[in-house]
Amino acid sequence: MSKLKVVSEKSLTNNSRIVGLLAQLEKINNESAESDAARYVTSKILHLVQSQEKTRREMTAKGSTGMEVLLSTLENTKDLQTTLNILSILVELVSAGGGRRASFLVTKGGSQILLQLLMNASKECPPNEELMVQIHSILAKIGPKDKKFGVKARINGALNITLNLIKQYLQNHRLVLPCLQLLRVYSANSVNSVSLGKNGVVELMFKIIGPFSKKNSGLMKVALDTLAALLKSKTNARRAVDRGYVQVLLTIYVDWHRHDNRHRNMLIRKGILQSLKSVTNIKLGRKAFIDANGMKILYHTSQECLAVRTLDPLVNTSSLIMRKCFPKNRLPLPTIKSSFHFQLPVIPVAGPVAQLYSLPPEVDDVVDESDDNDDTDLEAENETENEDDLDQNFKNDDIETDINKLKPQQEPGRTIEELKMYEHLFPELVDDFQDYDLISKEPKPLAFEGKVRGPIVVPTAGEEEAAGNSGSLRKGVVMKANVSPKGDEGDKKPTFMDLEGEDIKDNGRTLQQQLGDQNRTFSSAHGLNNDIVKALDRITLQNVPSQTAPGFTAGMKKDYSLPLTVVACTKACPHMATCGNLLFEGRTVQLGKLCCTGVETEDDEDTESTSSVEQASVEVAEGPTLHDSDLYIEIVKNTKSVAEYSEVAYPDYFGHVPPPFKEPILERPYGVQRTKIAQDIERLIHQSDIIDRVIYDLDDPNYTIPEEGDILKFNSKFESGNLRKVIQIRKNEYDLILNSDINSNHYHQWFYFEVSGMRPGVAYRFNIINCEKSNSQFNYGMQPLMYSVQEALNARPWWTRVGTDICYYKNHFSRSSVAAGGQKGKSYYTITFTVNFPHKDDVCYFAYHYPYTYSTLQMHLQKLESGHNPQQIYFRKAVLCETLSGNSCPLVTITAMPESNYYEHICQFRNRPYVFLSARVHPGETNASWVMKGTLEYLMSNNPTAQSLRECYIFKIVPMLNPDGVINGNHRCSLSGEDLNRQWQSPNPDLHPTIYHAKGLLQYLAAVKRLPLVYCDYHGHSRKKNVFMYGCSIKETVWHTSDSAASCDVVEDMGYRTLPKILSHIAPAFCMSSCSFVVEKSKESTARVVVWREIGVQRSYTMESTLCGCDQGKYKGLQIGTRELEEMGAKFCVGLLRLKRLTSPLEYSMSSSLLDFENDLIESSCKVTSPTTYVLDEDEPRFLEEVDYSAESNDELDIELAENADYEPSTQEEVLSDSE
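Under our numbering, think of the first position of the sequence shown as -10, with each following residue one higher.
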């Protein structure tokens, strides 16, 4: 106890001492006492500050007046020693306390007082060296903390004082060092930078910096930092180029590189590079750099630095300079408009499509006439002084702030008479079911007509549990299926109906066990003999017995060793009987005719499975639940494409089943981006190594595929295909160019193409060189997808994530201002990936995401329609409208049949609330279709929950809002060249028929007072992980504008949050924290906002599914697959049922505990996030390697941001965004 007392007394003494000394000093100031007293007191304070951190803390603490007393004394004293004492005290305070204490000194007016002191001290001749050193040292520390420091220094005339001191005392390193440090701070202000440049500061810096020397390295380092800051001004950069300093910098760099063997002077070497980086921001600087052989010098020096990890900053900065100086190349295309032309019925009056049509044919739209940035700006001289604007909190101008605009105002838009055209699309509102034989109580089991078909599967992402050899599920039922009259023994084959509940446990099978099963199951599949290869040579669209459409004349494939044929299957596939265990763990699903084309298979050990189907002469059920290859071919013949495709891609014919293994998000190897960039730079340095040979070209109709055996062959002439041109760069490296959306000159992201002629064991590098987005999930572990026909024939028909050394970066191909929305000097981006093919002479397909074609949708809908039980499920497929190219846009209605045709039951049927769903307005977001498939399959399943759901709601579904875009391989637009999800405010019936009529359906429902309870539009998101929703809320939008008073006045039903909260609890891929309910101006014509604001649907959502994977929940660290996407679609349905229970719980006999849980769900608080469009926070973890996308002279902002974190796009880039 006594010890504590002593300590406290001691501290009290110290505190009292400093307080007392400061009080004395204040008294001396007020009384203008003699200087001796002030000198004595300040020396005592200095001693305390130097020896005790506690004293330093107290003097800069909140509420302390110590700093004011010191600054007041400094301002008033004439005594040199007192001044030096106070300056020493300030240096001690600022040096030890980091940025906070420097800011504290600035807030007390320190900058102005010290600058005035500098002015006074400079009038003495000669000036006092010690005084100048101290003043410059302290100003150099506090200057960066004062937003107006540059302006204050210029007004006070401090710039020339510091500059003249350096000129006069160039050999006095003790004085020059703090002067240079302050000069660097001055130069941060662009106007100061120009002013200093006119007074010879650039030339002065080159007197200080020079070849390798062990002396004065500190001075050299500061001089280089100052020079780099000065050269950011284009005026100074031009001056440096005119005096030949680019060559000097390169010579000095090489000298330091050679002599700095122990890498002790890395900061000096980096300083030289930073100066080069600044000077090459102008066109003249880049030309001087090229003329001085800068590319080769930096390439070779950076390659020599690769071995030493600590030199990475040098490699990265060298890489950035080389990319910036790499001469901009023209994209090797005749035009950036699509290879395919579609004449529009109406040309828009304004907008990008109108500009496209008004462009004279002789105009070169690939590059601008002067594509490198002309240095015609008087940048620094005219720059504003509002430096503090840069530091202000980011303000999102896109958030709607007008409350009147935010309030939903139901607008009929069209008269009741006009809307009556939609009556026929609502048969459920008029049907009296008198002609139906309805059975009230026991719904019949699912019946199949015609062929025996596989089960309708409720996707559960592998949650079923195997239950012994019988193949029955823990919560499943084995039932006999109806068979066609022709089937003789087909009725022995079981069909499974999944009656699983919402929460089935994982069966815990490991990846190794699954793969072990796979190897055992498929061991005999490798016995494929030449019969397959011969037989597979025969499928064309003409092969099918029915009449062939005149356009379909070319065969699917001609010369590959793995073509495809339709052969009637009369043999059983014993080795396939158990493959379902791999696809849907614990369930028997046959893959069918993939391996049934007359192959003699080896006897399998499992005789039971063989005997069970031994005598079957009916067709074996398909593996992919709704897939039917014959039906697919029939449907394709009626699908109209602009290019009149006559080929079918194998993956679409065979179908896809989810692989039986998990695919983790790829770890990015360290340094992969700079390695790829270095290889690109080698193209310029070693031009003789580049083959530069076109091997695929959609723009040249007479182009023939080269016959050499060692080059790859490419094809994209099939539904949803997108690949425009391929150029062989090196022996195993190819540049790929994607096609623009039709009637557009950009939107390059979706790709889907075929490759053949490969050799195994060879690493092939593919570079897609005309991407436009500023960032991509390819930088964060996403891989492209590959489908191997050999693997499919070996009973593994699935898309898998492939590729190594994947990255996405800005390249040296120039983007014209026409393509960049008026912005000059932009570049394209490259996706690069390397692939090793598993089989020789395989036929493989690559895609941006799991393909889902329009024909696939039509096939799935036909299978659902023919396979449902009409006494249990009310299913109607209608045509909403025809698209521009004459394809039908399907509209699906699903609900439960009425219990009987009694009046009460018909009333209950008609009065069910509507749920309106749509998907695939953006063709490149194929994941939206897989989610929709999950929803449709669930709604049509025999799951009791699904039956309850059908009894609760009438579902109106437009599963593909943009069929033409999907068919023709577009990424974003329809054939009108416009983003259909920006047309909902005023859709044109001639240009946007699907949107016009989908909106008409909703307007009709509003007119007949049947507003949907929920509207949801399914989308995909390429820059975020997980699945999440965007909704609409006035309160949250106003809250984001920081007008807290206004947000308090808004009264709003929080019901719009219920469904996302439910989904965050029941769907493993769903992430509530990524959801946003803010309404932005740029999104006011999207489906979500228009349906909310004009139609009046409170729960109007966009549901975004990642293209990459998840970083939370059960699927954390995994790339997303079709199983997880379909599961999300099913879970969305389960969420709707819970929403119904929560909105009308009295109708249901639910356990009280369940109700409590669901009520808690609504009340649980959730973080509100800002709209993703403008989130500036880092969305992804930082790499060990600095990721920098910039390669442009005018991208200094991009460079700075990219060095710190991946930045969000500009407004123009946002036009290319995928969010909605």
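C-beta: ideal position from N, C-alpha, C; glycine also. None of these values were measured; they are calculated from a predicted model.
Is residue j closer than 8 Å to residue i when the C-beta atoms are compared?
| i | j | result |
| --- | --- | --- |
| residue 960 | residue 675 | no |
| residue 216 | residue 171 | no |
| residue 1019 | residue 1090 | yes |
| residue 823 | residue 754 | yes |
| residue 965 | residue 873 | yes |
| residue 921 | residue 935 | no |
| residue 1023 | residue 395 | yes |
| residue 884 | residue 942 | yes |
| residue 238 | residue 265 | yes |
| residue 821 | residue 720 | no |
| residue 1016 | residue 1066 | no |
| residue 819 | residue 768 | no |
| residue 759 | residue 320 | yes |
Who are the near neighbours of residue i in its chain, counting only those whose CB is closer than 6 Å to its CB and skipping five residues on each side?
| i | result |
| --- | --- |
| residue 1003 | 904 and 1088 |
| residue 120 | 110 |
| residue 43 | none |
How is the alpha helix (DSSP H) around residue i delimited, first residue to last?
| i | result |
| --- | --- |
| residue 125 | 118 to 131 |
| residue 634 | Looking at the DSSP string, residue 634 is not in any alpha helix (DSSP H), and its letter there is neither H nor E. |
| residue 298 | Note, residue 298: premise wrong, no alpha helix (DSSP H); not H, not E. |
| residue 1009 | That residue, residue 1009, is in no alpha helix (DSSP H); its beta strand (DSSP E) goes 1003 to 1010. |
| residue 24 | 24 to 40 |
Distance check for residue j and residue i, CA to CA, integer angstroms please.
| i | j | result |
| --- | --- | --- |
| residue 1077 | residue 852 | 30 Å |
| residue 955 | residue 813 | 31 Å |
| residue 324 | residue 713 | 12 Å |
| residue 728 | residue 967 | 16 Å |
| residue 251 | residue 199 | 19 Å |
| residue 1092 | residue 1079 | 15 Å |
| residue 332 | residue 340 | 17 Å |
| residue 1064 | residue 1009 | 14 Å |
| residue 232 | residue 261 | 17 Å |
| residue 854 | residue 957 | 26 Å |
| residue 1113 | residue 644 | 17 Å |
| residue 104 | residue 147 | 7 Å |
| residue 124 | residue 73 | 9 Å |
| residue 206 | residue 126 | 18 Å |
| residue 771 | residue 621 | 30 Å |
| residue 244 | residue 10 | 55 Å |
| residue 302 | residue 316 | 23 Å |
Please list the terminal residues of the continuous beta strand (DSSP E) segment that includes residue i.
| i | result |
| --- | --- |
| residue 1018 | 1016 to 1019 |
| residue 722 | 722 to 726 |
| residue 936 | Segment 933 to 941 is the alpha helix (DSSP H) holding residue 936; no beta strand (DSSP E) there. |
| residue 1092 | 1088 to 1095 |
| residue 779 | Premise fails: residue 779 lies in the alpha helix (DSSP H), 778 to 782, not in any beta strand (DSSP E). |
| residue 884 | 877 to 885 |
| residue 1052 | That residue, residue 1052, is in no beta strand (DSSP E); its alpha helix (DSSP H) goes 1047 to 1055. |
If contacts are defined as beta-carbon pairs under 8 Å, then residue i and residue j qualify, I think. What distance do you get, rounded to the angstrom?
| i | j | result |
| --- | --- | --- |
| residue 856 | residue 1118 | The pair is not a contact, with the Cβ atoms about 18 Å apart (cut-off 8 Å). |
| residue 640 | residue 863 | Not a contact, Cβ separation roughly 33 Å. |
| residue 638 | residue 743 | 7 Å |
| residue 980 | residue 411 | Not really, about 20 Å apart at Cβ, beyond 8 Å. |
| residue 144 | residue 95 | In fact, because the Cβ distance is near 16 Å, the residues do not count as touching under 8 Å. |
With a CB to CB cut of under 8 Å and the five nearest residues on each side skipped, what residues in its chain are close to residue i?
| i | result |
| --- | --- |
| residue 69 | 117 and 120 |
| residue 342 | 333, 336, 732, 733, 965, 966 and 967 |
| residue 7 | 34, 37, 44, 47, 48 and 55 |
Measuring only between beta-carbons, confirm whether residue i sits less than 8 Å from chain C.
| i | result |
| --- | --- |
| residue 1025 | The displayed structure is made up of one protein chain only, and chain C is not part of it. |
Just to check, is the beta-carbon of residue i closer than 7 Å to a non-hydrogen atom of the ligand MG?
| i | result |
| --- | --- |
| residue 667 | The ligand MG is absent from the structure shown, which contains no ligand whatsoever. |
To which residues of the same chain is residue i closer than 7 Å at the C-beta, ignoring the five residues directly before and after it?
| i | result |
| --- | --- |
| residue 999 | 903 |
| residue 269 | 275, 278, 310, 313 and 314 |
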